[in-house]
Structures are given as C-alpha cells and as structure tokens.
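Below is one structure, written out as structure tokens; the observations come after it.
2 protein chains.
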Amino acid sequence: MSLLRHIEAVNRWRPERFRPLLLAGRRVGRVRDDFAPVLAAFPAVFRVDGDAVRLTPDAVDTDTLTAAVALVGRRLVADGLIPGWRGEWFDVMAEDGDRPLLRIDRGALPRFGVRAAGVHLNGFVRRADGLHLWIARRAPDKKIDPDKLDNMVAGGVGAGYGPWATLVKEAGEEASLPPEAMRGAHAAGIVTYVMEREDGLREDLLYVYDLEMPEGLEPRPNDGEIVDFALMPAADVLALVRDTDQVKFNVNVTLIDFFVRHGILRPEDPDYLAICRGLRR
Amino acid sequence: MSLLRHIEAVNRWRPERFRPLLLAGRRVGRVRDDFAPVLAAFPAVFRVDGDAVRLTPDAVDTDTLTAAVALVGRRLVADGLIPGWRGEWFDVMAEDGDRPLLRIDRGALPRFGVRAAGVHLNGFVRRADGLHLWIARRAPDKKIDPDKLDNMVAGGVGAGYGPWATLVKEAGEEASLPPEAMRGAHAAGIVTYVMEREDGLREDLLYVYDLEMPEGLEPRPNDGEIVDFALMPAADVLALVRDTDQVKFNVNVTLIDFFVRHGILRPEDPDYLAICRGLRR
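Going line by line, the protein sequences match chains A and B.
To convert, note that position 151 of the first sequence is 151 in the working numbering; the numbers rise steadily by one, no gaps.
To convert, note that position 281 of the second sequence is 562 in the working numbering; the numbers rise steadily by one, no gaps.
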C-alpha cells in the first residue's frame, strides 16, 4: 500500500458543503450545510443565511461569547447533535498567531469547523542498526481510535496553554516523563490537514517535536490513556504505517513527517514530492 | 528584521504577467508576456497566442525537441535576450515525478519558467554549546550572488542525475568531501518557491539534506566556486539570516528550514506558522 493514502485520508472534504462561521466579518470556522438549520434555532447566538453562519453577539467580550456558544453546545449534546462535552477548552482564532476570540469545548470543535492545535512528540533512540521509535498503544476505551498505535506523547493545545506547556504536561500525564526529561525535546515543524468527519470538520495544526531518549529513560503509562510503549526500529514503524491501519489516523501523518525529516523516506520514492507537499497545506 | 522577508522575497511574482508554456496540452513552464513576442519569431518551434505559448513539434522525440529549443535559445543568447548559455542541461517535466519531455540549458530556464531542482546540504557539528553549521563563501566571480554565504554544498540537479548523485558529485567538487563521507548524509525534505526575476521566473524545488560532520572531517574548497568554509554557531547563522543580506537569496530559505527542523526557530516565534507554511507551497 502507499503512504500517500494516509495524507489523502486526512485531506478529504467537500468545501462546497460548508459555509463559513463568521465573527465580526472574520472566518473562525466552517459549518456544514446540514448543521446550519440546527443553529438557526438559536437566533440570539447565530444568524444563518445561505452564505454563512454569523455569531451575532459580535461586539461582546471573549467570556460572554464563550458562554453563549457553550449554552447552545450543551443543548446540542443533550439532543445528540454533538457527540459529547469533553471538558477541555480550545481557543478559537481567526488567523495564525491571532489573539483568541472565544473558547469552545473540544467535543464541539468539528461541528463548528474550528481549527485546533495539537502537539506530537516522536521519542527516538539512535542505535548502530538505525533509528528506533517509542510507539504508544492507546487504551481500549479511548473515544477516537481505541487500541491504535500512537506517538510517544500527543495532546491537544488547550486554551491558555502554548504548544510547549502542553507538551511538558502531556509527557508527564501520558508517558511519566518528568519536565527535566523534556529539555532535550525540540520543535521540528508543523503538519496540517483539513478532514471531514461524520460530525463536521477537523482543521488541525499539529506541532511536531523530536526527543532523542537517553539510555535508561523509558516512557511508562501513567494516566490510563496509553496502555503500553514499545521501542521499534523506524523501518518497522514505516512498514506498519505503509501496510496496515494499526496506527491512529493522524499519527500516520506525523510519523511520515518524521520519516521525511530523518531520511527514512527518500527522494527516490516516487510519491516523495506529493508526500512532502501534502504534509503542510 | 524578520526571517519572513526572505520567504516573501523568493515568492514574489505576478501570475497575471505570465502565460503557460504548453507541450501537447501540458504545462511545462511559464513565459512572461513581454517575452512571448520574441518567441513568435520562431514559428517552427513556438506558436504564440494571447493565452499560451505552445511548443509546436509536440509529436517528436525528446532529443529533437531539445535541439529545436536549444537552437532558438542560442540565437537569443547571441541577441542578448538570454543572459548566457551555462552548458548544463536540465530536464523539463510537466509534473512531479513525471518523465523528462525535453532538456533545456540552465541559462535559459528562467525565460521559459521551467521548474528546476537543486540539492542543498547542511553540514553541521553537535557541540556541548549547541549546533554549529559549516557555511561556505561563494567565489567573487560567481554569476549569481558572488561573495555571499552558502550551504556547505549545493548544486542544480542536471539532466540524468537524481538528487543523490548530484549531491555526491557536488560534495566532491565544491567541498572536497569524498563519497564515503556522504554516507552519513540524509534527505530531510523539500523547500519550494516561485520567484520572478529580470529574465523570467525561477520555479525551484530544493531537496534539503543534513550531514552531521564527524570530528576531523572538514570541507575544503576544490573547484573554485567556493573560496572558504567557516564553522559557525547555528544561533549566529540565524542572526546573520535575520539581520543581514550576506547569505545567498535561496540559502536563507534552506537555512530557515534547517532552523525549523532543529528547533532553533520555535513555535513561540510570532512568524513561526507563516514561516513553516511559506517554505513549501
């Protein structure tokens, strides 16, 4: 099979079925046509027409806007129209590097097509026989992709946290790695994609990090989200990504980015350019 | 100053001033409007209308096409309309990974807006006080960016050479690095840009490579294109790129890509996302 199928899978969406979610004229998300009429039932918060969904309290402060959208969101959870409230706030911004305009719960992000940021940490070991990667296995009760393989550490960038603070927090929670172990981690770029799902759209921006693990330091499960860790030759991980669907949907993509950056995937691969271009759009 | 200015500088062009160069209906380059009438004088090779320039011998073989375009090209060099013949053939393709349709001399590439590939090698040393980079200084008689700073090794991917063969060849010619020294080099991705120049358009695809230089191995000038090499702290190189114009125009961009991949430039930088997105379009 081809590595490219994973990049194509996370970049599949039909733009013509979505209309922009606007706040004071700026796009902060995207609403699918079949969900727009649902929001029209809340005219104090949303004004819906054929071209766009507008947040109507556009002159108010962040906290008020956040509360107004949350009230609608909780009602939609009760009605089964949003899969669940996750208890994790995400900042909503109009553009890269912009200030947050409101916050929204993780469970409601796809319905509003709001861009979310995450961090993914590749933990690796250099050995004489090549690079090895620490690969996590997700718990069987995870909402998304239970039992699948994952990066050593990964998590969403919650409201008020930057990518680095998120990474340090998640490293402790998921892999029992103390903050001092994270000093050797470094940022290595971004991976982006836009993906249609049953409940809307995921427009994700993933900050990727690398950490060369020193001898004697091993990740251990902590908070129950990860059940075990295995150290695998990078070439075996590449084969898993290429030939199976054992890896979490978007971790396939951050691993492909790792393979590109570390020369495990090479320009001689006929899909190389399409893969490089597809990782960041 | 900002790192972003270098990315903006290599992505400045006015699409409305160019028309496609077509071969059998497929775009192989772009011709600026002011150059199209010049090509109209060679109707055996080019058919020019308001929408496009077409290569007319579209059913012939690669060698014949190559010769036909070269005859026109040499005439235009004589007339001062192409800056010079470089004696280096580049493959012309319609799309990524496609087979070559004809070859064209390096000096004529911008006039025809043909995409060209290059390789850039970052030679680096890990020290206790951080990464250091081997930076080359270009000879004062180089046609493009004389005296400017450059990657340890760089060069164009000529017709018939792949990126790896080009890299090994250039490493010997420019930096006296033998093929066995290159075994430790690995591909690390691509950088792309489209840049308008006085004589047309550069649509470049750069394959970037990293090589951690072992103790005792140093680059030395060989073929006269590079006059010296200096090992500099990566942070100093970042400052040079940010604050000066001492670095060759597109080497600024491959160095920024290195800084991103190695965490020398971080997500906390307000331009980080624009920089990441701007490196690959």
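Note that the Cβ used here is the ideal one computed from N, Cα and C, for glycine as well.
Everything numeric in this text was worked out from a predicted model, so none of it was measured.
Asked, Found
"Spell out a yes or no on whether the region 489-500 of chain B and the region 395-413 of chain B are touching, meaning 3 or more CB-CB pairs, one atom from each, closer than 8 Å.", "yes"
"Please work out which residues of its chain come closer than 6 Å, Cβ to Cβ, to Gly278 (chain A), disregarding the five sequence neighbours upstream and downstream, and give them in chain order.", "Ile7"
"Taking only runs that begin and end inside the region 403-451 of chain B, name each unbroken beta strand (DSSP E) of 3 or more residues, in chain order.", "411-419 and 434-437"
"Bridge partners of Tyr553 (chain B), per DSSP?", "Partner(s): none; Tyr553 (chain B) has no beta bridge."
"By Cβ distance below 8 Å, which residues in the same chain neighbour Asp271 (chain A) in space, the five residues on each side in sequence not counted?", "Ser2, Leu3 and Leu4"
"Which same chain residues, not among the five before or five after Ser176 (chain A), have their C-beta less than 6 Å away from its C-beta?", "Arg220 and Asn222"
"Give the straight-line distance between the Cα atoms of Arg280 (chain A) and Val191 (chain A), rounded to the nearest whole angstrom.", "5 Å"
"Buried or exposed for Lys248 (chain A), going by 16 or more other Cβ atoms inside 10 Å?", "buried"
"Gly224 (chain A) to Glu499 (chain B), Cα distance in whole Å?", "50 Å"
"Starting from the beta carbon of His467 (chain B), find every residue of chain A whose beta carbon is closer than 7 Å, and list them in chain order.", "His262 and Gly263"
"Check whether the Cβ atoms of Asp538 (chain B) and Arg396 (chain B) sit closer than 9 Å, and answer yes or no.", "no"
"Using a C-beta to C-beta distance shorter than 7 Å, which residues of chain A count as neighbours of Leu442 (chain B)?", "The amino acid occupying residue 442 (chain B) in the given sequence is Tyr; Leu does not appear at that position. The premise fails here: Tyr442 (chain B) is roughly 12 Å from chain A at the closest Cβ pair, so nothing lies under 7 Å."
"If contact is defined by three or more beta carbon pairs under 8 Å, each pair taking one atom from either stretch, is the region 473-484 of chain B in contact with the region 366-385 of chain B?", "no"
"Would you check if the distance between the CB atom of Trp366 (chain B) and the CB atom of Leu482 (chain B) is smaller than 9 Å?", "no"
"Looking at the secondary structure, which residues open and close the alpha helix (DSSP H) in which Leu536 (chain B) lies?", "Val532 to Arg542"
"Could you pull out every residue in the same chain whose Cβ sits closer than 8 Å to the Cβ of Asp517 (chain B), ignoring the five residues on either side in sequence?", "none"
"Gly470 (chain B) touches chain A at which residues, Cβ-Cβ below 8 Å?", "Val260, Arg261 and Cys276"
"Touching or not, the region 33-47 of chain A and the region 128-135 of chain A, by the rule of three or more beta carbon pairs under 8 Å?", "no"
"Would Gly156 (chain A) be called buried (16 or more neighbouring beta carbons within 10 Å of its own) or exposed?", "buried"
"Can you pull the chain A neighbours of Gly378 (chain B), defined as C-beta to C-beta under 7 Å?", "Pro270 and Leu273"
"Candidates A:Thr244, A:Arg26, A:Thr166 and A:Leu273: which alpha carbon is nearest Val92 (chain A)'s?", "A:Arg26"
"Given a cut-off of 9 Å, decide if Leu448 (chain B) and Tyr490 (chain B) are closer than it, judged by their beta-carbon atoms.", "yes"
"Whole-angstrom Cβ separation of Arg384 (chain B) and Ala440 (chain B), contact assumed at under 8 Å?", "5 Å"
"By the DSSP assignment, the beta strand (DSSP E) with Arg19 (chain A) in it spans what residues?", "Phe18 to Leu23"
"My assumption, with CB atoms under 8 Å, is that Arg19 (chain A) sits in contact with Asp34 (chain A). Please give the rounded CB distance.", "That belief does not hold up - the Cβ atoms of Arg19 (chain A) and Asp34 (chain A) are roughly 11 Å apart, past 8 Å."
"My understanding is that Val38 (chain A) touches Leu76 (chain A), with C-beta atoms under 8 Å, so please give their C-beta distance in whole angstroms.", "7 Å"
"Mind listing the chain B neighbours of Tyr207 (chain A)? Cutoff is C-beta to C-beta under 7 Å, in chain order.", "Pro548"
"Tell me, please, whether the CB atom of Asp129 (chain A) is closer than 9 Å to any CB atom in chain B?", "no"
"For chain B, check one thing: does any of its Cβ atoms lie closer than 9 Å to the Cβ of Arg280 (chain A)?", "yes"
"From the beta carbon of Trp415 (chain B), is the nearest beta carbon of chain A less than 9 Å away?", "no"
"If we ignore side chains and look at the alpha-carbon of each, how far apart do Asp243 (chain A) and Cys557 (chain B) end up?", "29 Å"
"So, at 6 Å on beta carbons, what are the nonlocal neighbours of Ala468 (chain B) in its own chain, with the 5 sequence-adjacent residues on each side left out?", "Tyr490"
"Take Val334 (chain B) and list the residues in its own chain whose beta-carbon comes closer than 8 Å to its own, dropping the five residues that flank it on each side.", "Arg300, Pro301, Leu302, Leu303, Val312, Ala317, Leu320, Phe327 and Arg328"
"Excluding sequence positions up to five away, which residues of its chain have a Cβ less than 7 Å from the Cβ of Thr64 (chain A)?", "Pro57"
"So for Ala7 (chain A), helix, strand or coil by DSSP?", "For clarity, residue 7 (chain A) is Ile in the given sequence; the question names Ala instead. Note: Ile7 (chain A) maps to helix in three-state DSSP."
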